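Q: Each protein sequence line maps, in turn, to chains A and B.
At position 49 of the first sequence (counting the first as 1) the number is 49 in this note's numbering, and the numbers step up by one without a gap.
At position 43 of the second sequence (counting the first as 1) the number is 43 in this note's numbering, and the numbers step up by one without a gap.
For each residue, glycine too, the CB sits at the ideal point set by N, CA and C.
Bear in mind that the values here come from a model prediction, so they are computed numbers and not experimental data.
Protein chains: 2
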Amino acid sequence: MFAASLEVCISAGRLGPPSDEAPRNSSGAKKSKGRGKIRMRKMEKDTNMLVTFSKRKSGLFKKANELCTLCGAECAMMVFSPADKVSSPSTIRPLTT
Amino acid sequence: MFAASLEVCISAGRLGPPSDEAPRNSSGAKKSKGRGKIRMRKMEKDTNMLVTFSKRKSGLFKKANELCTLCGAECAMMVFSPADKVSSPSTIRPLTT
DNA sequence: AGCACTATGTTTAGCTT
DNA sequence: AAAGCTAAACATAGTGC
């Protein structure tokens, strides 16, 4: 395992264009519910940002697990938190040969 | 960078329960459009599986990029393809200090 | 093979508790 | 701060070209 077919992605910070258009909506009033189109740039509010980080990290790990399960792929990923916290996903698995 | 707050996920193969319920639908007829709830186990058809791998890998990289952008996190990921192909995402970035 | 479409399942931002 | 909710945004399996 871990031979030949390898893909790597290392991303440090911004990787896509900022996409600065699209305010919350045309009238400027906030939507009451739902997600509300997000702006692809660093979130300014720290509390929201940490919650979003936690949620999205979970989603990312879940997607990675699904990819492995569905396609018989193998993947490894590391996420460096913006805050000074250490944690590991519950589904961690040792890299056995 | 790359200090202190670190999270690691290494997944080799299956990580979740198979979730064997839910055939396509009760009558056995395929849905004509849309996604149709997928079964979380290795896809048997190789052609579909490769397409799914490609699509989901793209989605995974995109999500990782979004996480980095939105939250100022840093992440690295490696995906080992089930087939013998090598490719890299277009948004690859060197790990500069 | 690879791209476009689209209905539907999934994710998640903002709220509430 | 950490869970749970909801609806809008998003991802994507199957399809057609």
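Name, in chain order, the residues that DSSP records as bridge partners for residue 64 (chain A).
A: None; residue 64 (chain A) has no bridge partner.
Q: Is there a Cβ from chain B that is less than 8 Å from the Cβ of residue 44 (chain A)?
A: no
Q: Taking 8 Å as the CB-CB cut-off, is residue 56 (chain B) touching chain A?
A: Yes, contact with chain A.
Q: Consider the Cβ of residue 59 (chain A): report whether some Cβ of chain B lies at a distance smaller than 8 Å.
A: At least one chain B Cβ lies under 8 Å of residue 59 (chain A).
Q: Using beta-carbon positions only, say whether residue 75 (chain A) and residue 77 (chain B) come within less than 8 Å of one another.
A: yes
Q: Does the CB of residue 33 (chain A) have a neighbour CB from chain B at under 8 Å?
A: no
Q: Alpha carbon to alpha carbon, how far is residue 46 (chain B) from residue 38 (chain A)? Give it in angstroms, no decimals.
A: 36 Å
Q: Taking DSSP's pairing of strands, which residues face residue 80 (chain B) in a bridge?
A: A:74
Q: What residues from chain B crowd round residue 47 (chain A), counting only those whose CB sits closer than 7 Å?
A: In chain order: nothing, as chain B lies at least about 12 Å away.
Q: Are there three or more Cβ pairs, one per stretch, closer than 8 Å when the stretch 47-54 of chain A is compared with the stretch 54-63 of chain B?
A: A contact is defined here as three or more CB-CB pairs under 8 Å, and the stretch 47-54 of chain A fails this definition with respect to the stretch 54-63 of chain B.
Q: Excluding sequence positions up to five away, which residues of its chain have a Cβ less than 7 Å from the Cβ of residue 57 (chain A)?
A: 79
Q: Answer with buried or exposed for residue 11 (chain A), where buried requires no fewer than 16 other C-beta atoms within 10 angstroms of its C-beta.
A: Any reading at residue 11 (chain A) needs caution, since the residue's pLDDT is 48, under 50, leaving its predicted position unreliable; the model's value is listed next. That one is buried.
Q: Once DSSP output is grouped into helix, strand and coil, what is the label at residue 57 (chain A)?
A: Residue state, collapsed to three classes: helix.
Q: What separation, rounded to the nearest whole angstrom, lies between the Cα atoms of residue 35 (chain A) and residue 52 (chain A)?
A: 12 Å
Q: For residue 73 (chain A), which of B:59, B:69 and B:81 has the nearest alpha-carbon?
A: B:81
Q: My output table needs one value for residue 40 (chain A): the three-state DSSP class, helix, strand or coil.
A: Under the three-state reduction of DSSP output, residue 40 (chain A) falls in the coil class, being neither helix nor strand.
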